[in-house]
Amino acid sequence: KHENLTLALNSAQAIGCNVINIDAHDLAKGKPHLVLGLLWQIIRIGLFNQITLEHCPGNRRLNNFTNDVRDSEIYSYLLHQIAPLDAGVDMAALHEPDALRRAEHMLQQAEKLGCRSFLTPEDVVAGVYKLNLAFVANLFNNHPGLDKPEDMDLTAMDVEETREEKKHCPGLATLLTDGEKLDELLKLSPEQILMRWVNYHLDRAGTNRRLNNFTNDVRDSEIYSYLLHQIAPLDAGVDMAALHEPDALRRAEHMLQQAEKLGCRSFLTPEDVVAGVYKLNLAFVANLFNNHPGLDKPEDMDLTAMDVEETREEKTYRNWMNSMGVAPHVNWLYSDLADGLVIFQLYDIIRPGIVDWSKVHKKFSKLRKFMEKLENCNYAVELGKQLKFSLVGIAGQDLNDGNPTLTLALIWQLMRAYTLSILTQLTQTGHPVVEKEIIDWVNTKLVNAKKTSALRNFQESSLANAKVVIDLIDAISPGTINYDLVNHDENDEAKTANAKYAISMARKIGARIYALPEDITEVKPKMIMTVFACLMARDYIPNLDSRR
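In this note's numbering, the protein residues as written are 1123 to 1670.
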């Protein structure tokens, strides 16, 4: 057994694993953080051996999580390689000369894959090892991009959680405050939910300590010690002896040893605890929550209210808003827009200077916060009317209440106005671009490229097969389309395949499309208009200097 384990370590070292501070005895004892660290290195090496970044200049490879990732180039190619065709991931970051903005755009693409992380653009450029490692681990867990070998039987690996188990933890209902509804809790940010969870267990532990942040409040390890003891199974042997250790570093080390008994000694070192490193402490608590929530479902609680999964349309709009760099990050459309602040930022991007910020309540008082948020929403509707939005029947109260239909109506007009404002800047016509101009441009482009297809309007049913979009892409960038891959059948499967191919090729030539294949096959006029508008913008960008 010892010889086998030694051979395993030697083999791991031979393929590039760092096996310092681990030996056969550690493997035999099954020390979790050492074994998992080794396994992750093996998986990482396997992952990057199997995913070929064939278009990456110089056949670059990832050898470390510090210097190799600072320029975001490897990340950009990796994201594009592992992303589903309909995810909307592009590589426009590679054309950005500023390293921070390049990293910011790359992280926006990762978010389209549902891979929010604790990584910031500054962390990428600085090459912060642990955060970059955690980022790639998150990508691997969600989008490994590895094909199943044809001769492998994976039935034994079918241990996937049910849809409901993956979507939520039923015990979250125990965290509700008086009068709070379950869907309101689920709209909170992950950080807020984790803080609520920690404080719930602190209350049950009988301590007066409460967690208000992931920096100063955790430096002394006291909150962590109470939390670990409270969530640990009775037979885990977790103790609170750390509380009797006067030295902060030794106290943190003892606390982490208790976390190790739960298989959760991840992300943090004693130094990180004492220094109060926000992102690493947040990741540590998130890991504890995922593995040992310690929450029981209330017997009289109906969990059907937890089914608040966002629609495709909502996700498209939310991703678009976050790609605009709004703050705070939009997690749930209706609650996060209820104070109007995100909407004002979007207005200011579409038409700089239109927002009179002296009329905006940026911070809310305890006594008047409801009225102040409503006043913001009323002003948001007023600005929409200034931009000639169709807002009949929409009042500030509707935005404040989170009325889905009316909120989405405003967001769509914001997205449309943004797309057309970009076109106006690029075409330099001096007046806002209207939809007829887009249609005329499409047909002129198709005729000049000797294509037989044409566009009459954004509602025609023939658009469902995506052939007009495909021809337009080839007209903009001749030779891009492989017409052998275009399906000429008229069934739903063929139309979907064409739509996916069209959007994939559009993004490949640099069009920043946020529509989905279903928007084309179902002939959603609003979203189809944005497809052609984004292609028009792409056509103008390379020729902008010559036009000037």
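A virtual CB, placed ideally from N, CA and C, is assigned to each residue, including glycine. Just so we're clear, the structure is a prediction, and the values are computed from it rather than from any experiment.
The alpha helix (DSSP H) enclosing residue i, as first and last residue numbers
i: Thr-1643; result: 1639 to 1643
i: Thr-1652; result: 1647 to 1662
i: Phe-1486; result: Run containing Phe-1486: none; DSSP gives neither H nor E here.
i: Leu-1316; result: 1312 to 1327
i: Leu-1294; result: Taken as a continuous stretch (DSSP letters only), Leu-1294 belongs to no alpha helix (DSSP H), as it is neither H nor E.
i: Val-1591; result: 1589 to 1598
i: Ala-1221; result: 1221 to 1234
i: Pro-1368; result: Premise fails: Pro-1368 is in no alpha helix (DSSP H) and is neither H nor E.
i: His-1202; result: 1195 to 1204
i: Tyr-1456; result: 1455 to 1458
i: Ala-1628; result: 1614 to 1630
i: Leu-1672; result: Nothing about residue 1672 can be reported from this structure: the residues present for the chain run from 1123 to 1670 only.
Separation of residue j from residue i, as counted between CA atoms
i: Lys-1437; j: Asn-1444; result: 11 angstroms
i: Met-1213; j: Tyr-1636; result: 14 angstroms
i: Asn-1453; j: Leu-1468; result: 16 angstroms
i: Val-1653; j: Val-1591; result: 8 angstroms
i: Asp-1593; j: Ser-1575; result: 7 angstroms
i: Leu-1350; j: His-1376; result: 12 angstroms
i: Asp-1269; j: Ile-1204; result: With a pLDDT of only 44 at Asp-1269, under the threshold of 50, the placement of this residue in the model should not be trusted; the figure read from the coordinates follows. Spanning the two alpha carbons is a distance of roughly 11 angstroms.
i: Arg-1473; j: Ser-1543; result: 8 angstroms
i: Ala-1374; j: Ala-1628; result: 52 angstroms
i: Lys-1481; j: Pro-1392; result: 47 angstroms
i: Asn-1441; j: Gly-1462; result: 18 angstroms
i: Lys-1589; j: Asp-1596; result: 11 angstroms
i: Phe-1257; j: Arg-1331; result: 31 angstroms
i: Phe-1170; j: Arg-1183; result: A caution first: Phe-1170 carries a pLDDT of 46, below 50, which makes its placement in the model unreliable, though a value can still be read off. The straight-line gap from Cα to Cα measures roughly 8 angstroms.
i: Asp-1145; j: Leu-1161; result: 14 angstroms
i: Met-1228; j: Tyr-1501; result: 34 angstroms
i: Ala-1150; j: Glu-1125; result: 11 angstroms
i: Ala-1408; j: Glu-1195; result: 29 angstroms
Environment of residue i [buried if 16+ CB atoms lie within 10 Å]
i: Glu-1282; result: Note on Glu-1282: pLDDT 30, under 50, position unreliable in the model; no value is reported.
i: Leu-1657; result: buried
i: Phe-1187; result: buried
i: Met-1649; result: buried
i: Asn-1604; result: exposed
i: Thr-1643; result: buried
i: Leu-1129; result: exposed
i: Val-1395; result: buried
i: His-1553; result: exposed
i: Thr-1566; result: exposed
i: Tyr-1540; result: buried
i: Phe-1094; result: The structure shown does not extend to residue 1094, since the chain is modelled only from 1123 through 1670, so no value can be given for it.
i: Arg-1660; result: buried
i: Arg-1372; result: exposed
i: Pro-1206; result: exposed
i: Phe-1492; result: exposed
Of the residues the options, the one placed nearest residue i, counting alpha carbons only
i: Phe-1411; options: Val-1396, Thr-1433, Glu-1393 and Ser-1388; result: Ser-1388
i: Ala-1363; options: Leu-1371, Ser-1347 and Asp-1357; result: Ser-1347
i: Pro-1312; options: Met-1228, Gly-1328, Leu-1294 and Leu-1324; result: Leu-1294
i: Gln-1380; options: His-1124, Asp-1357 and Trp-1319; result: Asp-1357
i: Ala-1354; options: Leu-1417, Phe-1262 and Gly-1518; result: Leu-1417
i: Trp-1479; options: Val-1246, Phe-1492, Ile-1465 and Arg-1440; result: Ile-1465
i: Asp-1606; options: Ala-1619, Val-1482 and Leu-1149; result: Ala-1619
i: Phe-1406; options: His-1610, Asp-1562 and Lys-1252; result: Lys-1252
i: Ser-1626; options: Thr-1602, Pro-1415 and Arg-1341; result: Thr-1602
i: Gln-1581; options: Lys-1383, Leu-1378 and Pro-1647; result: Pro-1647
i: Val-1556; options: Arg-1341, Asn-1403 and Met-1651; result: Met-1651
i: Asn-1522; options: Glu-1306, Ser-1599 and Cys-1499; result: Cys-1499
Residue i CB to nearest heavy atom of the ligand FMN below 8 angstroms
i: Arg-1318; result: Within the structure as shown, the ligand FMN is missing, as the structure has no ligands at all.
Length at least 4, wholly inside the region 1502 to 1582: the alpha helix (DSSP H) runs in chain order: For the region 1502 to 1582, whole alpha helix (DSSP H) runs of length 4 or above, ordered along the chain, are 1518 to 1523, 1526 to 1549 and 1557 to 1570.
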